[in-house]
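Respectively, the protein sequence lines represent chains A and B. First residue of the first sequence: 1, per my numbering; consecutive thereafter. First residue of the second sequence: 1001, per my numbering; consecutive thereafter. Glycine included, C-beta positions come from ideal geometry on N, C-alpha and C. Here the structure is a predicted model, which means the values were calculated and not measured.
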Amino acid sequence: LAKTTQPISMDSYEGQEVNITCSHNNIATNDYITWYQQFPSQGPRFIIQGYKTKVTNEVASLFIPADRKSSTLSLPRVSLSDTAVYYCLVGRPFSGYSTLTFGKGTMLLVSP
Amino acid sequence: NAGVTQTPKFQVLKTGQSMTLQCAQDMNHEYMSWYRQDPGMGLRLIHYSVGAGITDQGEVPNGYNVSRSTTEDFPLRLLSAAPSQTSVYFCASSYSSSSGRDNEQFFGPGTRLTVL
């Protein structure tokens, strides 16, 4: 299983760009990188997924360097409602050889 | 679409009691899974299913049973509840790996279980 390491917490202010980096040194060739967001008392919500280079959607961007040993989730111009826990996952769920593992995530606190 | 629904939202059990947590999805997803989340922790996979009639164990399967008789439903059974099973339980579903979207799991609202 590819282990991930991400900061326990981060602080930001409204309107700033937030970058959360996740390291996954033993990522396998077939593994994808997926990020989820979780608000208190709710289930996680899928944000973005990527394999290499850069992926962008309406919510965030995901930057993956060529060696794929790390990835960075970028949230542009955060608001108070972006306060949540963000999980970085590496792998393929239910693939038979590995299942996605949720670590403790990064608690992002956005202040006015 | 209702998405992934879970019942009940809250449950209190006594040690040794059994119960079933219900999970249903209306998105025709092939994959379904159960996770538990303890305070300050990430989610840990209990059991999962890649299709009707097929189930497999996750990271923490002891004390739990599952079955998948239909595509829509994936109940989780606690055989003999223990205080260590006090947790929040999440059910999730996703498309199959052949779709390339299996990493996008849709989660239910959770069931908060307390075992006294």
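Answer with buried or exposed for A/Y13, where buried requires no fewer than 16 other C-beta atoms within 10 angstroms of its C-beta. exposed
Buried or exposed for A/R77, please, with buried defined as at least 16 other CB atoms from any protein chain shown within 10 angstroms of its CB. exposed
May I ask you to report which of helix, strand or coil DSSP gives A/L62? strand
Return the CA-CA distance between B/I1054 and A/N25, expressed in angstroms with no decimal places. 33 Å
Nearest-angstrom Cα distance between A/F63 and A/T5? 16 Å
With a cut-off of 8 Å, do at least 3 Cβ pairs link the segment 17-34 of chain A to the segment 71-85 of chain A? yes
Does DSSP put B/Q1022 in a helix, a strand or coil? strand
Under 8 Å between C-beta atoms, does A/T7 make it to chain B? The sequence shown places Pro at residue 7 of chain A, rather than the Thr named in the question. So no, A/P7 is outside the interface.
With the cut-off set at 8 Å, would you say B/G1092 and B/M1027 are in Cβ contact? According to the sequence as given, residue 1092 of chain B is Ala; it is not Gly. Going by C-beta atoms, B/A1092 is not nearer than 8 Å to B/M1027.
Among A/D31, A/V59, A/C88, which has the Cα closest to the Cα of A/Y51? A/D31
Taking the alpha carbon of B/D1038 as the reference point, which residue from A/G43, A/G91, A/W35 has its own alpha carbon closest? A/G43
Nearest-angstrom Cα separation, counted from A/A60 out to A/K54: 11 Å
Based on the DSSP secondary-structure assignment, which residues constitute the bridge partners of B/D1073? B/A1024
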